[in-house]
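Heads up: the sequence shown runs through residues 6 to 241, numbered per my numbering.
Only one structure is covered here, and it is reproduced in the block below.
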Amino acid sequence: MMKKSLLFCIISVFSLFLALQIVKAQEKIQGPWLWMIASCPVGGAPCTDTNSLKDASKGKVTEEMVAKGGLDKKILAIEIDKKKWAEGRIDPTGGDNIQVMINANKAKWGGGWSELPADINDHSAYAVINVVASKAEKGVTTKVGSDDSVKVWVNGAEVWKNAVDRGAGDFQDTFKIDLKQGNNIVMVKVSERGGGWSMFFGIDASGLKYNLKFPGMDVSTSGKLATSWGNIKMAL
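Below, the structure is given as C-alpha cells:
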C-alpha cells in the first residue's frame, strides 16, 4: 500500500512538472512593445523581404537600424506617415490582436494613427522590445505565430522568416535563438495581406525580463513617443 502511495506521489509530481514546463513554453510576451506600421504594395508573403520602414521613411529609418540598435533619439525624431512609434500591449489570444490593439489605442496615439481605418490591409507591423537575460544562453527555443507572414531579428541578426499567407490564433513556428547576458533587442515583423492581423511571440527561458530601454534612449526622449515614459513598465 505504501509503495502504491509513493508511486502515485511520484507520478503526480512528475505530471505537475510537465504541466509547468508546457505552460512556461507557451507563455506569450504581451509587452509593452514599441510599434510602427508601414504600407506595402502587396502585403503578406510578397512583403516579407520588403523593407517597408525604409520605403516609408525615404531611407531615413531601415529595418536593419531598428533591429540592431532598437529605438534611439534619432529614429524617434522621424515620423513615418505622420506616425510616431507607439507603446502597446498585445492580447495573448485572438486572430486579429494587432488590429484590435491599434483600434483600441489609435485615438490616444494621435497623428497618423488616428487616421487609420478599422481594418488595415497591405501593411507590415514592426514590434520591438528589449529582452534582459540574467545569463547568456545558446539554442533557446523560441515560438512565433503570425497572420500573415513573419520575420524575426535578435540583436540585429535575422533568426527566423516564414513568407506565408495564413491565419493565426497561437504559436505556429518553433526555432532557436542565442541570448546574450543583459540586453537583447528583439524585433518582430508581421506583414498583413487582408482579414485578420495577429502576432504571438514567446521565448522558452527562465528569468527573462522585458523593457523598452534601448541604447541611445533616455527619459528625455519620451516626447518623441506616442506614449508617456512614465507609463513604460516592466513587461510581465
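The C-beta atom is built at its ideal place from N, Cα and C for all residues, glycine as well.
Residue i in three-state terms, based on DSSP
i, result
"Val28", "Confidence in Val28 is poor, its pLDDT being 40 and thus under 50, which makes the residue's placement unreliable; the coordinate value appears in the next sentence. Residue state, collapsed to three classes: helix."
"Ile83", "coil"
"Asp60", "helix"
"Gly117", "helix"
"Val71", "helix"
"Lys166", "strand"
"Lys148", "strand"
"Asp96", "coil"
"Lys65", "coil"
"Lys143", "strand"
"Lys181", "strand"
Best match in the options for proximity to residue i [C-alpha to C-alpha]
i, options, result
"Ile103", "Lys140, Gly187 and Lys194", "Lys194"
"Lys33", "Ile125, Lys78 and Phe206", "Phe206"
"Trp40", "Lys65, Lys73 and Leu81", "Leu81"
"Asn189", "Asp101, Asp54, Ser57 and Lys73", "Lys73"
"Arg171", "Asp153, Leu184 and Ile182", "Asp153"
"Asn108", "Asn216, Val149 and Gly93", "Gly93"
"Gly144", "Ile208, Asp54 and Phe219", "Ile208"
"Trp114", "Gln35, Asn216, Ser57 and Trp90", "Trp90"
"Cys52", "Asn126, Lys148 and Gly99", "Asn126"
"Val71", "Gly117, Gln35 and Gly161", "Gly161"
"Gly200", "Asn216, Lys63 and His128", "His128"
"Val137", "Asp96, Glu197, Lys185 and Ala61", "Lys185"
"Thr55", "Pro37, Ser196 and Gly212", "Ser196"
"Lys148", "Pro97, Pro122, Gly117 and Ala123", "Pro97"
"Glu142", "Trp202, Asp124, Gly117 and Ala210", "Ala210"
"Val105", "Ala112, Ala123, Ile182 and Gly116", "Ala123"
"Gly221", "Gly187, Asp77 and Glu69", "Asp77"
"Gly48", "Leu217, Tyr215 and Arg198", "Arg198"
"Leu213", "Ser139, Glu69 and Met204", "Ser139"
"Asn218", "Gly75, Met192 and Trp118", "Residue identity check: residue 218 is Lys in the sequence provided, not Asn. Taking only the C-alpha atoms, the option nearest Lys218 is Gly75."
"Ser203", "Leu58, Ser151, Ile182 and Lys111", "Ser151"
Boundaries (first-last residue) of the alpha helix (DSSP H) holding residue i
i, result
"Val105", "Asn102 to Trp114"
Element boundaries [beta strand (DSSP E), containing residue i]
i, result
"Gly242", "One cannot answer for residue 242 here, as it falls past the ends of the chain, which runs 6 to 241."
"Ala50", "Taken as a continuous stretch (DSSP letters only), Ala50 belongs to no beta strand (DSSP E), as it is neither H nor E."
"Val157", "Ser154 to Val159"
"Phe219", "Unbroken run through Phe219: none, as it is neither H nor E."
"Ala123", "Unbroken run through Ala123: none, as it is neither H nor E."
"Lys194", "Gly187 to Glu197"
"Trp90", "Note, Trp90: premise wrong, no beta strand (DSSP E); not H, not E."
"Gly212", "No beta strand (DSSP E) contains Gly212, which DSSP labels as neither H nor E."
"Trp38", "Trp38 to Ser44"
"Ile134", "His128 to Ala138"
Neighbour flag for residue i against chain D, beta carbons, 8 angstroms
i, result
"Val47", "Here there is only one protein chain, and chain D is not present."
Closer than 7 angstroms: residue i CB and nearest the ligand HEM heavy atom
i, result
"Lys185", "Absent from the structure shown: the ligand HEM. Ligands present: none."
Exercise. Counting Cβ pairs closer than 8 angstroms, one from the segment 78-88 and one from the segment 34-53, do we hit at least three?
Worked result: yes
Exercise. Using 8 angstroms as the threshold, is the segment 173-181 in touch with the segment 148-159, meaning 3 or more CB pairs across them?
Worked result: yes
For this session: Would you be able to state if there are at least three C-beta pairs under 8 angstroms between the segment 162-176 and the segment 132-139?
Result: no
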